[in-house]
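Here's the structure we're looking at; comments come further down.
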Amino acid sequence: MQHSQEISKTLSKDIVANYANELSVKIDKVTSPLSSLLNTLAMGQFTERDVGKPDPAWLDAMTGILEKNQFLASMYFGKENGSAFLFQPLYDKNVKQSLSAPVDARLMVRYYNLGSQRIQFYDTNMVLMKEMDVKSDYDPRERVWYSDVENNHQIYMTGPYNFSNPAQDGITFSRKSRSGNAVVAVDLTLNKLSELVQYFEFSTNSNSFLLNSDAEIIASNQLFSLMIGKELFTAEDLEFATLIEEFEAEHQSQLSAKTVVWQGKTWEMMISPLTLGDSDMLRVVNFVSHDDLFATSSNLRNDLIIISLVSVIISFIIVFYIARRIASPLTYLTDSIENIQRFRFQRKRYQPSHIQEIDKLNKAMGLMENVLLDFFTNLRNVARTSKPEELSESIVTQVKEILSADDCQLFTNSPDSRGEFKLSAKSGTTPEFKLQSLYDHNPDAFTQSIYELTKSEANHIFTDLECHSGFIIPLFNRNNDNTGALLIGFTFEITDDTRNRLRFVREFIGFNEIVLEHLEKVEEQRNLFHSFVEMTATAVDIKSPYTGGHCQRVPKITKMLAKAAESDTNKFADFSLTSKSWEELLVAAWLHDCGKVTTPDYVMDKATKLETIYDRIHEIRMRYEVLKRDAEVTYWQSIAGGMDEAQAQITCDALKDELDKEFAFIASCNPGSEFLDPEKQQRLVEIGARTWLRTLPDDIGVSQQELAKKSNVSKTLPVTEQVLADKPEHLFVWEEKKQLQANSKRDFKMVQPEYRYNRGELHNLMVKSGTLTHEERYNINDHIVQTYLMLDQLPYPEHLKNVPLIAGSHHEKMNGQGYPLQLKGEEIPIGGRMIAVADVFEALTACDRPYKAAKTLSHSLKIMAVMVKDEHLDGNVFDLFLTEGIYQAYANEFLMPEQLDFVDVDALRAIYLKV
Numbered sequence: 000m001q002h003s004q005e006i007s008k009t010l011s012k013d014i015v016a017n018y019a020n021e022l023s024v025k026i027d028k029v030t031s032p033l034s035s036l037l038n039t040l041a042m043g044q045f046t047e048r049d050v051g052k053p054d055p056a057w058l059d060a061m062t063g064i065l066e067k068n069q070f071l072a073s074m075y076f077g078k079e080n081g082s083a084f085l086f087q088p089l090y091d092k093n094v095k096q097s098l099s100a101p102v103d104a105r106l107m108v109r110y111y112n113l114g115s116q117r118i119q120f121y122d123t124n125m126v127l128m129k130e131m132d133v134k135s136d137y138d139p140r141e142r143v144w145y146s147d148v149e150n151n152h153q154i155y156m157t158g159p160y161n162f163s164n165p166a167q168d169g170i171t172f173s174r175k176s177r178s179g180n181a182v183v184a185v186d187l188t189l190n191k192l193s194e195l196v197q198y199f200e201f202s203t204n205s206n207s208f209l210l211n212s213d214a215e216i217i218a219s220n221q222l223f224s225l226m227i228g229k230e231l232f233t234a235e236d237l238e239f240a241t242l243i244e245e246f247e248a249e250h251q252s253q254l255s256a257k258t259v260v261w262q263g264k265t266w267e268m269m270i271s272p273l274t275l276g277d278s279d280m281l282r283v284v285n286f287v288s289h290d291d292l293f294a295t296s297s298n299l300r301n302d303l304i305i306i307s308l309v310s311v312i313i314s315f316i317i318v319f320y321i322a323r324r325i326a327s328p329l330t331y332l333t334d335s336i337e338n339i340q341r342f343r344f345q346r347k348r349y350q351p352s353h354i355q356e357i358d359k360l361n362k363a364m365g366l367m368e369n370v371l372l373d374f375f376t377n378l379r380n381v382a383r384t385s386k387p388e389e390l391s392e393s394i395v396t397q398v399k400e401i402l403s404a405d406d407c408q409l410f411t412n413s414p415d416s417r418g419e420f421k422l423s424a425k426s427g428t429t430p431e432f433k434l435q436s437l438y439d440h441n442p443d444a445f446t447q448s449i450y451e452l453t454k455s456e457a458n459h460i461f462t463d464l465e466c467h468s469g470f471i472i473p474l475f476n477r478n479n480d481n482t483g484a485l486l487i488g489f490t491f492e493i494t495d496d497t498r499n500r501l502r503f504v505r506e507f508i509g510f511n512e513i514v515l516e517h518l519e520k521v522e523e524q525r526n527l528f529h530s531f532v533e534m535t536a537t538a539v540d541i542k543s544p545y546t547g548g549h550c551q552r553v554p555k556i557t558k559m560l561a562k563a564a565e566s567d568t569n570k571f572a573d574f575s576l577t578s579k580s581w582e583e584l585l586v587a588a589w590l591h592d593c594g595k596v597t598t599p600d601y602v603m604d605k606a607t608k609l610e611t612i613y614d615r616i617h618e619i620r621m622r623y624e625v626l627k628r629d630a631e632v633t634y635w636q637s638i639a640g641g642m643d644e645a646q647a648q649i650t651c652d653a654l655k656d657e658l659d660k661e662f663a664f665i666a667s668c669n670p671g672s673e674f675l676d677p678e679k680q681q682r683l684v685e686i687g688a689r690t691w692l693r694t695l696p697d698d699i700g701v702s703q704q705e706l707a708k709k710s711n712v713s714k715t716l717p718v719t720e721q722v723l724a725d726k727p728e729h730l731f732v733w734e735e736k737k738q739l740q741a742n743s744k745r746d747f748k749m750v751q752p753e754y755r756y757n758r759g760e761l762h763n764l765m766v767k768s769g770t771l772t773h774e775e776r777y778n779i780n781d782h783i784v785q786t787y788l789m790l791d792q793l794p795y796p797e798h799l800k801n802v803p804l805i806a807g808s809h810h811e812k813m814n815g816q817g818y819p820l821q822l823k824g825e826e827i828p829i830g831g832r833m834i835a836v837a838d839v840f841e842a843l844t845a846c847d848r849p850y851k852a853a854k855t856l857s858h859s860l861k862i863m864a865v866m867v868k869d870e871h872l873d874g875n876v877f878d879l880f881l882t883e884g885i886y887q888a889y890a891n892e893f894l895m896p897e898q899l900d901f902v903d904v905d906a907l908r909a910i911y912l913k914v
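Be aware that the sequence shown starts at 0, since it is given in numbering that gives the first Met the number 0, and climbs by one per residue.
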């Protein structure tokens, strides 16, 4: 046991001695370059340069020197005239903040003149980023590192003190320049020395201290403040000053160890002398606990055996593990190459390797495969999308993935306002970034290919307060107009790898710019097309003052019906509309009556039977006025011929009374508000046989068309004519281009009458119901034929190809007796059946028709219920119209108050539902 302890003690002393030597070597590695650096700067031209105009290459070289000596806080010199110059590398973010330095600054330079100083900050390329001129009372000649240097060839070390900017403890080494008119100095932080001592501590229980010649502690491996106010702790404060004196008295400063009792424990104490500068003495004092140095021999033996066994096992494991670690990245690399070769791109987890070359190649191949995957994914998304918002979502998702960004948002503008941006897509749930404010304050950023945000811009733009840096990538069309911008945010500092990927993203976005421009043009054309559609419908409404708004109200009802059908889970459970189907249905609804532009106004709005451009009842009235004047002429002629005056008056009055009654009867038949039975038709024939004498020619002052019709009529005057005439010139034949099947793609089932118009007076008055003749009724119905003919001429995209059929089928009936194609049941597209319900309901409830009074809501719906029963309207569509309350929603907005009455939905459904 004793022998084991002696061996352990000897080994422990050797370990402690080695430890002290290593610490000495490490400190020497710090101080030797420091001494060489000061000597080189002092003997060179460092203090003679014109520091007012720094050379970027020189600044970069000086910065490199400082960065290679990480323990140095700054490097500077002062001159006899009171001026000074300081280099300070900027590593730490907190130091930068304390100095108000830009976030990307690498170097701070201070120029001191008496009473003022200039502060400059440079980036990694030695480009000036920020400059400030401030007042200063700094005079290097008053500083101890300047004033205490006497010998031109000696390096002087100050005592520890607190650096003012930034605030931290340290010591300064200084030396006079060769010319003797300046002093060169460098600062060494105490924290770095403490880290050095901590790095070489023997164990967590050991205590290591670095003391100066005054026995002040300037570094330690213990985590406590070395300062008491402005003074350093001393060996005496920690009660080991006497131990040092005893040790030095026995060992004469030779590297050795001594067993001591300190703080109630037994330690091995060692003192290692270190010389810094040219004369100042530092000492490393080590206290190593005996508990760490000694262990029982049995434990040592057992530990050695266990260690030997474990070492063998671990060796095998390590060999196996290393082989696997080497082989795994190679397998990963092989798989990546095969995937790229076969165009089977996959996003795989990166496999690191301890072999640097393999690791770099693996990383590059993984990046390449991910980039290709993103690119082809984008191509596939672009090929499949027709909406800008879908492409925008794809862009932000993939750019965020490629750059490993924390957030990505895409903003676009419109051709009408390129300076106003709106959010199109974002990759997360963060609020909208303030891109518009950046454009308002820095529009030049939107002319660059890639723009990196400044610190202040990033803090202002990123509303989530997590992203602190980022880029914008402006979007351009082929005219180089700015069409938007991609805003990319990062939580951490942007790496060089990210900057390299930005070039790919810029090219990646360039392809999408073309697609976005194309989609923007498509959207503009779509908007133009819809504007033309609505303009056409509006023109139809404006054409007739009595049907104004019909073509605009029918799409509203149709849209309400379609939305209700989409929500229905019963009879319309399978009904659904895509965005393209919606467009097709609504375009058809807007254009369902576009053929009415070919229907004459006087036919479409015919209020009386004799109305054309004007109401011809006035011509007939004038004829009866002539007949009444003729009765008075006959009266006077009878008296002149010797007839009794009283008798002549009776005859005259009787004739005039008969004429008044005849005209009154004709006038009562003209409005068409009552059914004209056969007796009334016969009386019209009898009245029409009455004649009157025309003395003026009817072929002067007329149109060429009417004159041609009168070419075969006798021109001998006077002419006796019937008071109600059906003349040849009242007949209008069909023009060749107006033939039903002319230029038609469809098999219209409508029977075309012999004449296009028959304006015969007796022919029009003989209409039994309403005001329209058979020819005029055909012309009214012909508007749907014209709708087909007009719409069939348009070149539709695939999703609008059924617009003519949907628009033209709203006059078809479920029983197949409608027009113009006589479609039946399911042959009528569902959109056409919805428009049919909307068309009938709007027509029945309209209050602006000259040929009928507005019907109440309940009366209109009852008529439609009967039409469903008679298989004119689709029962399912009308039932949805009733049960979902669509009629009421429309009525509340468009009907007059007097039309709104109670609607018994159950009673209406009972009319057409089969029990």
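Every residue, glycine too, gets a C-beta built ideally from N, C-alpha and C.
Three-state class that DSSP yields for residue i in the structure shown
i, result
"A294", "Interpretation of A294 is limited by its pLDDT of 49, a score under 50 that renders its predicted location unreliable; no figure is taken from the coordinates."
"S288", "strand"
"M765", "coil"
"Y818", "coil"
"T171", "strand"
"K748", "coil"
Same chain, Cβ closer than 6 angstroms to residue i, five either side skipped, listed in chain order
i, result
"A837", "V553, I556, T557"
"R832", "D873, V876"
"K257", "F246, M268"
Residue i, buried or exposed, once every other Cβ within 10 Å from all chains shown has been counted against 16
i, result
"D900", "exposed"
"P803", "buried"
"I305", "exposed"
"I541", "exposed"
"V867", "buried"
"M534", "exposed"
"Q397", "buried"
"Q681", "exposed"
"R174", "buried"
"P88", "buried"
"K767", "exposed"
"E775", "buried"
Extent of the continuous beta strand (DSSP E) run through residue i
i, result
"K78", "71-78"
"M107", "106-112"
"R620", "Looking at the DSSP string, R620 is not in any beta strand (DSSP E); the run it does join, the alpha helix (DSSP H), is 616-639."
"G418", "416-425"
"C407", "406-413"
"L132", "The displayed chain sequence assigns Asp, not Leu, to residue 132. Its beta strand (DSSP E) spans residues 127-135."
Sequence-distant residues of its chain with Cβ nearer than 7 angstroms to residue i (five each side left out)
i, result
"K565", "For the record, residue 565 in the displayed sequence is Glu; it is not Lys. Taken in chain order, the residues that qualify are F574, S575, L576."
"L730", "Y754, N757"
"V532", "V586, W589, L590"
"H809", "H591, G831, I834, A835, D838"
Segment limits, alpha helix (DSSP H) that includes residue i
i, result
"K581", "Rather than Lys, the amino acid found at residue 581 in this sequence is Trp. It spans 578-589 - the alpha helix (DSSP H) in which W581 sits, taken as one unbroken run."
"S82", "It is not in any alpha helix (DSSP H) - S82 carries neither H nor E in the DSSP assignment."
"G830", "829-844"
Exercise for the section: Take every Cβ of the region 172-186, pair it with every Cβ of the region 259-268, and state whether three or more of those distances are shorter than 8 angstroms. Expected result: The region 259-268 and the region 172-186 do not touch, with fewer than three beta-carbon pairs separated by less than 8 angstroms.
Practice task
State whether the region 122-141 contacts the region 71-88, with contact taken as three or more CB pairs (one from each stretch) at a distance under 8 angstroms.
Solution key: The region 122-141, when compared against the region 71-88, does touch it at the 8 angstroms Cβ threshold.
Problem - At least three beta-carbon pairs within less than 8 angstroms, the region 93-111 to the region 128-136 - result: Under the 8 angstroms Cβ criterion, the region 93-111 counts as touching the region 128-136, having at least three qualifying pairs.
Exercise for the section: Evaluate contact between the region 413-432 and the region 482-492, counting only Cβ atoms and requiring at least three cross-stretch pairs below 8 angstroms. Expected result: A contact exists between the region 413-432 and the region 482-492.
Practice task
Report yes or no: do three or more beta-carbon pairs, one from the region 746-753 and one from the region 716-728, lie closer than 8 angstroms?
Solution key: Too few Cβ pairs lie closer than 8 angstroms, so no.
Exercise for the section: Could you tell me whether the region 399-408 touches the region 424-434, using the rule of 3 or more Cβ pairs below 8 angstroms? Expected result: A contact exists between the region 399-408 and the region 424-434.
Exercise for the section: Check whether the region 667-677 touches the region 685-700, taking contact to mean three or more Cβ pairs, one atom from each stretch, closer than 8 angstroms. Expected result: The region 667-677 is not in contact with the region 685-700.
Practice task
Specify whether the region 485-492 and the region 462-473 touch according to this definition: at least 3 beta carbon pairs, one from each stretch, less than 8 angstroms apart.
Solution key: Three or more pairs of CB atoms, one per stretch, sit closer than 8 angstroms, so the region 485-492 contacts the region 462-473.
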